[in-house]
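Written below as structure tokens is the structure these notes are about.
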Ligand SMILES: [Zn+2]
Ligand SMILES: [Zn+2]
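Shown next, in the form of structure tokens:
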């Protein structure tokens, strides 16, 4: 079968020639796929608009030697709510950038696809200060680099926790402290994000603790992918 | 990679391949075409490139293409200085001028923000835009960026930046192509066109 159907989120698009585009799409069953969409930059193309980044689509793809070719595109979820608000749009783009960085071409990872769709839906429904950070932490956990949050990562004791060490991957007690200091409320909040109380954490209003976790999430993600996240840098660090 | 071409030929193909919209195959095709052409024609092409590069520049004011320090539009005092249309590229100025609908002035950003490529506000002519708003008596800024992700980010960023200045900030409506059938429009264009609907005179 040279033709296959899949669902996916458009991560990136690049111009190709006069009227074509290369689409990078995170699919459910075929991993990250690069495909050519022919003629989509012409005004009359109906599928061009459906292939903007952040679109959740169902596509019919034709397998090629290098790049696949997009044949049909149906919209599952419009990215219009995300495109209508600057904060949501930039947070959505930061999600895409991280997924693009951690995913290998044609390496099926349905859980990453599902997490991305879930996070984008959450982002479209309600603006939560933690939605991007929570996505990054969950993604890191799925990558097998979940930080140790319940006891000191260095000495494993139950002593009160005061810091976070990114290299060692967890919280630290006062004795062992070598990482950056972390407030009690931020530690609690991150425990909730990673410990099955995500919805509770997402409902929190913006506080210094949510900002702390967001900053740490970005740093941890950048540490993991070994490069800076451009979209985060543009808006967070001014 | 070992090239099958002589070094000058390969250099030409490489240079052509760096042009926007030209892929490796296109670059080869153009190179072969040039080498088969009359040397007079090739000279003429080379000359018009160097001449355009030497004589055409960006307007000091609005960053539109210009043949002098100030462009034709900025120099025209019949234009309405209270309305400023912000566009991504010079070709957008040309497109809007062709409509004959706009009598205000322009500001060309020379690009659009692209967070995924790391192209931010400081790479565009935004500081220069702010400086103009201070001195030119602008009352309305019309954001005419493209209806895509980069254009959306740029327009929303500018709207947030400019709102506190007490100006009227509008964005060009994105709607349906004239002459097209409603049923053939994609759902995103149709949705935006609905959102940008306006009152009908009775
Ligand atoms: Zn310890
Ligand atoms: Zn000018």
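Protein chains in written order, with this note's numbering: chain A, 1 to 238; chain B, 1001 to 1202.
Glycine included, each C-beta is placed from N, C-alpha and C at the ideal position.
These numbers were taken from a predicted model, which means no experiment stands behind them.
1) Measure the C-alpha to C-alpha separation of residue 33/A and residue 1034/B and round it to an integer number of angstroms.
2) Taking the alpha helix (DSSP H) that residue 1135/B falls in, what are its first and last residues?
3) If you scan the region 66–138 of chain A from start to end, which runs of the beta strand (DSSP E) of 3 or more residues do you find wholly inside it?
4) In terms of DSSP beta bridges, what is residue 8/A paired with?
5) Between which residues of its own chain and residue 51/A is the CB-CB distance below 8 Å, once the five residues before and five after are set aside?
6) Tell me whether residue 239/A, by its Cβ, gets closer than 7 Å to a heavy atom of ligand 2.
7) In this structure, what does DSSP give as the bridge partners for residue 164/A?
8) Between residue 132/A and residue 1097/B, what straight-line distance do the alpha-carbon atoms span, to the nearest angstrom?
9) Taking Cβ-Cβ distances below 8 Å as the criterion, which residues of the region 1142–1156 of chain B are in contact with chain A?
10) With DSSP run on the structure shown, which of helix, strand or coil describes residue 197/A?
11) Sorted by chain position, which residues of the same chain lie with C-beta nearer than 7 Å to residue 116/A's C-beta, five sequence neighbours on each side aside?
12) Can you give the Cα-Cα distance for residue 162/A and residue 175/A, rounded to whole angstroms?
13) Show which residues of chain A have a CB atom less than 8 Å away from the CB atom of residue 1099/B.
14) Residue 89/A and residue 1186/B: beta carbons closer than 8 Å?
15) For residue 129/A, which residues from the same chain have a beta carbon less than 6 Å from its beta carbon, with the 5 sequence-adjacent residues on both sides left out?
16) Should the region 1104–1117 of chain B be called in touch with the region 1149–1164 of chain B, which here means at least 3 C-beta pairs below 8 Å?
17) I want to verify the contact list: residues of chain A whose CB lies under 9 Å from the CB of residue 1191/B, in sequence order.
18) By alpha-carbon positions, which one of 1134/B, 1042/B and 1086/B ends up nearest to residue 1062/B?
19) I need the DSSP call for residue 1006/B, collapsed to helix, strand or coil.
20) Whole angstroms are fine: how far does the CA of residue 1123/B sit from the CA of residue 237/A?
21) Verify the contact flag: residue 122/A, CB atom, against every heavy atom of ligand 1, threshold strictly below 7 Å.
22) Pull out every residue of the region 108–120 of chain A whose Cβ sits closer than 9 Å to any Cβ of chain B, in chain order.
23) Could you name the residues of chain A that residue 1160/B contacts, counting a contact when the two beta carbons are closer than 8 Å?
24) When the Cα of residue 1113/B is compared with those of 7/A, 220/A, 86/A and 5/A, which residue comes out closest?
25) Answer yes if the region 1165–1176 of chain B comes into contact with the region 1185–1202 of chain B, meaning at least three C-beta pairs across the two stretches below 8 Å, and no otherwise.
26) Can you tell me whether DSSP reads residue 149/A as helix, strand or coil?
27) Taking CB distances under 8 Å as the criterion, tell me whether residue 234/A reaches chain B.
28) Beta-carbon of residue 1205/B versus every beta-carbon of chain A: anything under 8 Å?
29) Once DSSP output is grouped into helix, strand and coil, what is the label at residue 50/A?
30) So which residues on chain A does residue 1188/B lean against when the C-beta distance must stay under 9 Å?
31) Residues of chain B with CB under 9 Å from residue 202/A, in chain order?
32) Heavy atom of ligand 1 less than 7 Å from the Cβ of residue 172/A, yes or no?
33) Pick helix, strand or coil for residue 237/A, following the three-state DSSP scheme.
34) Using 10 angstroms around the beta-carbon of residue 1198/B, count the other beta-carbons present and answer buried if the total reaches 16, otherwise exposed.
35) Among the residues of its own chain, which have a CB less than 8 Å from the CB of residue 1115/B, if the five just before and after it don't count?
36) Who does residue 1105/B pair with in a DSSP beta bridge?
According to the data block:
1) Approximately 37 Å between the Cα atoms of the pair.
2) Note, residue 1135/B: alpha helix (DSSP H), 1126–1135.
3) Annotation: the region 66–138 of chain A contains the following complete segments of the beta strand (DSSP E) (minimum length 3 residues), in chain order: 68–77.
4) In DSSP, residue 8/A forms a bridge with 27/A and 57/A.
5) Within the same chain, residue 51/A has close Cβ partners 10, 13, 21, 23, 37, 40, 57, 70 and 73.
6) The structure shown does not extend to residue 239/A, since chain A is modelled only from 1 to 238, so the question has no answer here.
7) Looking at the DSSP assignment, residue 164/A forms a beta bridge with 171/A and 180/A.
8) C-alpha separation (whole angstroms): 42 Å.
9) Per Cβ criterion, the list reads 1148, 1149, 1152, 1153 and 1156.
10) Looking at residue 197/A - three-state DSSP - the assignment turns out to be coil, as it is neither helix nor strand.
11) The residues are 9, 26, 95 and 99.
12) Between residue 162/A and residue 175/A, the alpha-carbon positions lie close to 10 Å from each other.
13) Within 8 Å Cβ-Cβ: nothing; residue 1099/B doesn't reach chain A, min ~15 Å.
14) Between residue 89/A and residue 1186/B, the C-beta gap is not smaller than 8 Å, which leaves the two residues out of contact.
15) Same-chain partners within the cutoff: 206 and 210.
16) Contact between the region 1104–1117 of chain B and the region 1149–1164 of chain B is present, because at least three Cβ pairs lie under 8 Å.
17) Chain A residues near residue 1191/B: 78 and 80.
18) Checking every option, the nearest Cα to that of residue 1062/B belongs to 1086/B.
19) Judged by DSSP in its simplified three-state form, residue 1006/B adopts coil rather than helix or strand.
20) Low confidence applies to residue 237/A: its pLDDT is 46, below 50, so where it sits in the model is not reliable enough to give any reading.
21) No, the Cβ of residue 122/A stays beyond 7 Å of every heavy atom of ligand 1.
22) Identification of residues in the region 108–120 of chain A having a C-beta nearer than 9 Å to some C-beta of chain B yields an empty set.
23) The answer, in chain order, is 86.
24) Measuring from the Cα of residue 1113/B, the nearest candidate turns out to be 86/A.
25) Short answer: they touch.
26) Residue state, collapsed to three classes: coil.
27) Chain B, which has a Cβ nearer than 8 Å to the Cβ of residue 234/A, makes this yes.
28) The requested residue 1205/B is not part of the displayed model; chain B covers only 1001 to 1202.
29) Reduced to three states, the DSSP call for residue 50/A is helix.
30) Proximity of chain A to residue 1188/B at the Cβ level (cut-off 9 Å) is accounted for by 49, 50, 52, 55, 75, 78, 79, 80 and 83, in chain order.
31) What residue 202/A touches in chain B: nothing, since even the nearest Cβ is about 23 Å away.
32) With a threshold of 7 Å, the Cβ atom of residue 172/A counts as near ligand 1, since some heavy atom of the ligand is closer than that.
33) Note that residue 237/A has pLDDT 46, beneath the 50 cutoff, so the model's placement of it is unreliable and the number below is only indicative. Three-state result, residue 237/A: coil.
34) Looking at its Cβ environment, which holds fewer than 16 other Cβ atoms inside 10 Å, residue 1198/B is exposed.
35) So the list reads 1153, once near-sequence residues are dropped.
36) Answer is 1084/B.
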